[in-house]
Amino acid sequence: MITAAAVAGLPEIGAGDDLGELIAARLPSAPADGDVLVIAHKAISKAEGRVRRLAEVTPSPRAVALAAEQGGKDPRHVQVVLDETRELLRAERGVLVCVTHHGFVCANAGVDASNSPAGEPETLILLPRDPDASARALRARLNELTGVRHGVVVTDSFGRAWRHGQVDVAIGVAGVAPLQDWRGKTDSVGRELRATWIAVADQLAGAADLARGKDSREPAVVVRGLAQHVADDDGPGAQELLRPAAEDLFR
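Residue 211 is where the sequence shown starts when you use the numbering used here, and the numbers rise one by one after that.
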């Protein structure tokens, strides 16, 4: 049986907070080997100080022009997006489709104002500088505090081509095999599988998002029942999920 339970009672996260300690003290059940902690990146970004205050941002001429073209967006917000962008793929209908410095293709380079620190309405939250490193550090701290072997998945909400709505996906992974490769194996009737390559980390991200509300301020969820996907080592991280640009049919 697979279960997903939100970690209740976490305080507002601030720069320098020991996120592992805060979570370990509030786990919804006694920790067990193979538990996977799935955590929205904003909690990690806040703890790592990855926030920008618009009052401290001076927009460039490019940001001012893009903001005007995109329906009068705040040019300071656009500047922060550009700062987090390696390549701007498209700008249309108020959305900037960006390749981040990590290699993620997403709207507005993952820069978002929702769930910003209370009392700071003009604050933007950025993606962690290195989400895989953040996942490894949180995993090490949780394992130290609980004495059991966790996996950790760091998530963000991404849109999808051809479909409405957003889903949570993995942007940082530690201790979990991000992909399960069935290519070359056979299905239930012996037919060879040629394309089945399961994004386990993304499925964990989506499942965990169902266990918390978008307005609940419950960024962390413990998923249990998937110990077969949890490894002793940290593994390759979420970077393994990224399709190389040469294989991307949609750029």
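Don't be surprised by glycine CBs; every beta carbon is placed ideally from N, CA and C.
Runs of the beta strand (DSSP E) lying entirely within the stretch 265 to 314, each at least 3 residues long, are 295 to 302 and 305 to 310 in chain order. In the structure shown, Glu402 adopts extended strand secondary structure according to DSSP, grouped into three states. One thing to note: Val291 has its Cβ within 9 Å of the Cβ of Ala319. Counting along the chain, Leu420 sits inside no beta strand (DSSP E), nor does DSSP assign it H or E at all. The bridge partners DSSP lists for Ile335 are Val261 and Asp322. In the three-state DSSP reduction, Asp342 falls in the helix class (H, G or I).
When Cβ pairs closer than 8 Å are counted between the two stretches, the stretch 391 to 398 is seen not to touch the stretch 361 to 373, the count staying below three. Excluding its 5 nearest sequence neighbours in each direction, Leu389 has C-beta neighbours in its own chain below 8 Å: Trp407, Ile408, Ala409, Val410, Ala411, Glu450 and Leu451, listed in chain order. Val217 sits in coil when the DSSP states are folded into three classes, being neither helix nor strand. Judged by beta-carbon spacing, Gly382 lies beyond the 9 Å limit of Gly375, meaning their Cβ atoms are not closer than that value. Residue state for Asp366 is assigned as strand, using DSSP reduced to three classes.
Going by DSSP, Gly375 is part of the beta strand (DSSP E) stretching over Arg373 to Ala384. Rounded to whole angstroms, the gap between the alpha carbons of Glu332 and Ala265 is 8 Å.
For Leu451, no beta strand (DSSP E) segment is defined, and its DSSP state is neither H nor E.
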